[in-house]
Structure formats: structure tokens, C-alpha cells
Amino acid sequence: MSAKDEILGRIRSALADAPVADGIPREYRKTSDMGEAELIELLVDRLVDYKAGVDVIDAAQIPEFVAAKLKDANSVVYPHGLDTGWLSALGADIEQRIDAPGARLSIAELDETSAVVTSSAVSVAESGTIILDGEPDQGRRAISLVPDHHVCIVPISSIVRLLPEAMPRLTITRPQTWISGPSATSDIELERVEGVHGPRTLDVLMVRGL
Numbered sequence: 000m001s002a003k004d005e006i007l008g009r010i011r012s013a014l015a016d017a018p019v020a021d022g023i024p025r026e027y028r029k030t031s032d033m034g035e036a037e038l039i040e041l042l043v044d045r046l047v048d049y050k051a052g053v054d055v056i057d058a059a060q061i062p063e064f065v066a067a068k069l070k071d072a073n074s075v076v077y078p079h080g081l082d083t084g085w086l087s088a089l090g091a092d093i094e095q096r097i098d099a100p101g102a103r104l105s106i107a108e109l110d111e112t113s114a115v116v117t118s119s120a121v122s123v124a125e126s127g128t129i130i131l132d133g134e135p136d137q138g139r140r141a142i143s144l145v146p147d148h149h150v151c152i153v154p155i156s157s158i159v160r161l162l163p164e165a166m167p168r169l170t171i172t173r174p175q176t177w178i179s180g181p182s183a184t185s186d187i188e189l190e191r192v193e194g195v196h197g198p199r200t201l202d203v204l205m206v207r208g209l
């Protein structure tokens with residue numbers, strides 16, 4: 000027996016012993032009983048490892064923290080469904096641009112914008128992934144991908160541990176953006192390059208009380 004046949008034989012044996020539903024082996028975890036404090040700790044750990052900025056705050060602190068994150072910005076875009084109270088502490092010198100259906104900013108205008116502020120749909124703690132699904136408080140994909148700095152609001156109530164827990168909360172027909180840290184790649188000579196596929200800076204505000 001060749002090495003290839005031996006390996007295939009082991010795989011077939013393992014599959015034969017696995018629980019099967021609809022003809023497809025399924026052994027992955029679908030639920031978790033992890034508590035809120037543990038979910039926060041796990042998601043923070045993953046995001047920090049990805050080099051994202053993370054703060055855990057109360058809902059009343061959102062304007063203060065958004066303003067602090069954007070203190071060096073000259074302009075910010077936000078989706079039409081975002082709570083504008085979250086931007087109320089921004090300085091008068093920061094231009095606020097709304098992106099709405101029928102009044103969309105061009106790619107050139109987005110490229111000239113310093114930052115974007117959005118909410119989020121659900122976050123997966125185990126992988127450190129924040130998912131946007133195009134709801135009015137998150138906007139279309141372009142506004143979270145073109146500006147160089149993304150400030151993302153993550154309601155703590157929307158954090159789950161596992162991907163199978165996240166999927167039922169999403170509408171699969173909606174355009175989605177899955178974010179695991181700032182945009183970065185190491186494809187070229189194994190050197191980390193940031194900003195190739197999206198914002199180079201990601202600040203996450205994990206918020207209690209939303």
C-alpha cells in the first residue's frame with residue numbers, strides 16, 4: 000500500500016466513525032455557554048493581537064471616545080442610519096459627511112475622507128471577527144473599506160463566541176464585510192504591509208448598554 004492510499008484510508012475510517020447528518024459529518028461546536036465577561040476578554044485579546052485599538056465603555060461614553068479617536072481627523076463619513084449623537088463631541092473643524100441611498104459619496108470623496116464611524120451586526124470572539132451586514136447604521140461596504148481609519152461600535156450584546164452562533168443573526172442575502180483587525184498582508188517577501196485591502200487603523204469601541 001502506498002503512503003497516499005494509507006492516508007486516504009485513515010481519512011475514510013475517521014469519517015466513517017463520525018456522527019452523520021444529511022450524509023455530511025458534523026462534529027463542530029454550534030453553541031457556547033461562555034459568559035459576557037469571558038466573551039469580552041476573548042474578543043479583546045484577539046483584536047489586540049491583530050493590532051486593533053480596543054476600549055470597553057458604557058453607551059454614554061461613546062461621543063467622548065469617538066472624539067478622542069478622531070482628534071487628528073479632518074473629515075469623517077458615517078452611514079445614514081448611525082446615531083448622530085455618537086458624533087456630537089467632534090470638533091467643529093472636523094467635516095462630517097453622511098453617506099445615504101440616493102446621496103452616496105463617490106470613491107474619490109471617500110478616499111479624501113480621513114475616517115469612518117459605523118456600528119456592527121455581530122462579532123465572533125473566538126476568531127476576533129467583526130461583521131457588518133449593510134444595515135443603515137453600518138452602511139454600504141465602500142464606506143468602511145476606503146477611508147484609512149475605521150472606528151467601529153460593537154455592542155457587547157452582539158458578541159458571540161462561535162461562528163455557528165453568529166450566522167443565524169445575519170441575513171445571508173445582504174452584502175457583508177468581515178473584519179479581523181486592520182487591513183494587512185504579508186504576501187510580499189513576508190513583510191507586513193498595511194492598508195492594502197481596507198483601513199490601516201481600526202479602533203473598536205465595545206459598548207455596554209446598547
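In terms of numbering that gives the first Met the number 0, the sequence shown opens at residue 0 and continues consecutively.
Using N, Cα and C, we set each Cβ at its ideal position, and we do this for glycine too.
Cβ distance (whole Å) where residue i is taken to contact residue j below 8 Å
i	j	result
proline 198	histidine 149	4 Å
Residue i vs residue j beta-carbon contact at 9 Å
i	j	result
threonine 112	leucine 104	yes
aspartate 54	asparagine 73	no
glycine 80	proline 62	no
valine 145	valine 115	yes
leucine 38	valine 159	yes
valine 76	leucine 204	no
tyrosine 127	glycine 180	Before going on, a small fix: residue 127 reads as glycine here, not tyrosine. Their beta carbons are under 9 Å apart, which means glycine 127 touches glycine 180 by this criterion.
glutamate 125	leucine 41	yes
isoleucine 129	isoleucine 178	yes
leucine 161	lysine 29	yes
glycine 138	aspartate 98	yes
leucine 109	aspartate 132	no
valine 206	aspartate 57	yes
arginine 173	glutamate 134	yes
serine 1	glutamate 164	no
aspartate 136	proline 78	yes
One or two residues paired with residue i in a DSSP bridge
i	result
arginine 207	Asp57
isoleucine 158	Ser122
threonine 30	Partner(s): none; threonine 30 has no beta bridge.
isoleucine 10	Beta-bridge pairing links isoleucine 10 to no other residue.
Reduced DSSP secondary structure (H/G/I, E/B, other) of residue i
i	result
leucine 144	helix
isoleucine 171	coil
aspartate 202	strand
Whole beta strand (DSSP E) elements within the segment 38-116, 3-residue minimum: 52-57, 74-78, 94-98
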